[in-house]
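Engineer: For any residue, its number in my numbering is found by taking its place in the sequence shown, counting from 1, and adding 3. All residues carry an ideal CB built from backbone N, CA and C; glycine is no exception.
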Amino acid sequence: MVIFDFGGVLAESGFTDGLHAIAARHGLDKERFYDLADNLIHTTGYLTGHVDEHVYWQNLRDKTGITDDDTTLRHEILSRFILRPWMFELVERLKASGVGVAILSDQTNWLDELNERYDFFKYFAIVFNSYHLGKNKTDVSHFTDTISRLGMGAPERLLFVDDKEAHCKRAREAGMKAIRYVDRDSFLVEIKNFCPFL
Numbered sequence: 004m005v006i007f008d009f010g011g012v013l014a015e016s017g018f019t020d021g022l023h024a025i026a027a028r029h030g031l032d033k034e035r036f037y038d039l040a041d042n043l044i045h046t047t048g049y050l051t052g053h054v055d056e057h058v059y060w061q062n063l064r065d066k067t068g069i070t071d072d073d074t075t076l077r078h079e080i081l082s083r084f085i086l087r088p089w090m091f092e093l094v095e096r097l098k099a100s101g102v103g104v105a106i107l108s109d110q111t112n113w114l115d116e117l118n119e120r121y122d123f124f125k126y127f128a129i130v131f132n133s134y135h136l137g138k139n140k141t142d143v144s145h146f147t148d149t150i151s152r153l154g155m156g157a158p159e160r161l162l163f164v165d166d167k168e169a170h171c172k173r174a175r176e177a178g179m180k181a182i183r184y185v186d187r188d189s190f191l192v193e194i195k196n197f198c199p200f201l
């Protein structure tokens, strides 16, 4: 089975790109703003479904001085999660060859909203979303839990694809194979090492 991250793999990095756009509009350092916003999505509990979206945005406003309302901020993020058609073609080729496919995403309720907009859950056997599971990929037990939920006695039969090396490292610690997604060309070379039929 191949398990895909969403933002930065199946789709463009809407969270990163959106935060950079917000920072640029307010004349803030993009990387510092991103680091703060990324930290807050974890520490507020929004990522794991413990608080709602408004709490997250209010914390970000309080710490940065930005004044945009929730609707404006969320549009900057969601509008940039653009699906990669070639990646979904690859997903379909995997399925046609008998390989299972799943999503393991550190996303909030935004993932459900994006699915309502683009209807992509249908391509996958199962979708694991941190917002609903109460854990995220900074915790290696999130990967061992995923292995258990899939009923895979041999985790080395699972291939995880993510754009963050730290997440790939934790997946490997749990016994999975992993590819860090950097760009299309290198990814297509790497995945053929695991799935030579592609």
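1. Using the rule of at least 16 other Cβ atoms within 10 Å of the residue's Cβ for burial, across every protein chain shown, is Thr70 buried or exposed?
2. Considering only the alpha carbon of each residue, which of Asp73, Leu97, Lys125 and Asn139 lies closest to Leu162?
3. Whole angstroms is fine: what's the gap from Val12's alpha carbon to Gly52's?
4. Taking buried to mean at least 16 other C-beta atoms within 10 Å of its own C-beta, is Thr255 buried or exposed?
5. Looking only at DSSP bridge pairs, what is Asn132 linked to?
6. Would you give the residue range spanned by the beta strand (DSSP E) that Lys2 belongs to?
7. Which same chain residues end up closer than 7 Å to Thr19 when comparing Cβ atoms and leaving out the 5 residues on each side of it in sequence?
8. So, helix, strand or coil for Asp166, using DSSP?
9. Can you check the region 33-75 for any alpha helix (DSSP H) of at least 4 residues that lies completely inside it and give the ranges in chain order?
10. Since I believe Tyr126 is in contact with Val104 (beta carbons under 8 Å), could you give me their beta-carbon distance rounded to a whole number of angstroms?
11. Using only CA atoms, which one of Lys140, Arg187 and Gly21 lies nearest to Met90?
12. Run through DSSP, which three-state label would Ile85 get?
13. By the three-class DSSP mapping on this structure, what secondary structure does Val5 have?
14. Quick one: Cα of Ala14 to Cα of Ala40, how far?
15. Are the beta-carbon atoms of Ile25 and Glu79 separated by less than 7 Å?
16. According to DSSP, simplified to helix, strand and coil, what is Ala177?
Structural biologist: The relevant details are as follows:
1. exposed
2. Closest by alpha carbon: Leu97.
3. 22 Å
4. Absent from the structure is residue 255, since the part of the chain shown begins at 4 and ends at 201.
5. Ser108
6. Here the chain comprises residues numbered 4 to 201, so residue 2 is not present and cannot be evaluated.
7. Tyr37
8. coil
9. Taking only runs of at least 4 residues, the alpha helix (DSSP H) segments lying wholly in the region 33-75 are 33-46 and 56-67.
10. That belief holds up - the Cβ atoms of Val104 and Tyr126 are roughly 7 Å apart, short of 8 Å.
11. Arg187
12. coil
13. strand
14. 20 Å
15. yes
16. coil
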